[in-house]
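Notes follow once the structure below has been shown.
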Amino acid sequence: MTVCKGEIWLVNLNPIKKNNEMGKIRPAVVYQNNELNHSDYPTTIIFPLSTFLIDDTEPIRMRITKRDALEQNSDIIITQIRAIDNDRFIKKLGDLTQEEVQKIKTLFDEVVL
Numbered sequence: 014m015t016v017c018k019g020e021i022w023l024v025n026l027n028p029i030k031k032n033n034e035m036g037k038i039r040p041a042v043v044y045q046n047n048e049l050n051h052s053d054y055p056t057t058i059i060f061p062l063s064t065f066l067i068d069d070t071e072p073i074r075m076r077i078t079k080r081d082a083l084e085q086n087s088d089i090i091i092t093q094i095r096a097i098d099n100d101r102f103i104k105k106l107g108d109l110t111q112e113e114v115q116k117i118k119t120l121f122d123e124v125v126l
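Mapping to the numbering used here: the sequence shown position 92 is 105, numbers consecutive.
Written out as structure tokens, the structure is:
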């Protein structure tokens, strides 16, 4: 299975190690570049999504609307970026636009810089 940057996938984030980490089977956005995604690299960098929506929380969260097989509006949790094993990907749910991918980069830069 090959994933691409900007795709939304259903992933298994269990088991979690600490209470402040996101777990469960949930959607996530692939953020890793496609050079690594299309290689034999064993992990992929993702941002998990939540359907527990909180308004006006940028740059910590970014709202996206439901689309394709993503059944609910969701918040991308910018502060929960993580690398997961490629075996955790279950199925593709949809795609972000290039503008949305760029906005994630901008928000992530605000959080970490």
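All C-beta atoms, glycine included, are put in the ideal place defined by N, C-alpha and C.
- The Cβ atoms of Met14 and Ile90 lie no closer than 8 Å to each other.
- Of the candidates Lys37, Asp100, Ile77, the residue whose Cα lies closest to the Cα of Gln111 is Ile77.
- If you draw a straight line from the Cα of Thr64 to the Cα of Asn27, it is about 17 Å long.
- Secondary structure note for Phe65: it is in no beta strand (DSSP E), with a DSSP letter that is neither H nor E.
- The segment 96 to 103 makes contact with the segment 56 to 70, as at least three CB pairs between them are under 8 Å.
- Arg39 and Asn86 have their alpha carbons spaced roughly 13 Å apart.
- According to the DSSP assignment, Ile29 belongs to no alpha helix (DSSP H), since it is labelled neither H nor E.
- A direct Cα-Cα distance of roughly 14 Å separates Ile21 from Met75.
- Sequence-distant Cβ neighbours of Leu66 in its own chain, meaning closer than 6 Å and more than five residues away, are Asp88.
- Here Val125 carries a helix assignment [DSSP, helix/strand/coil].
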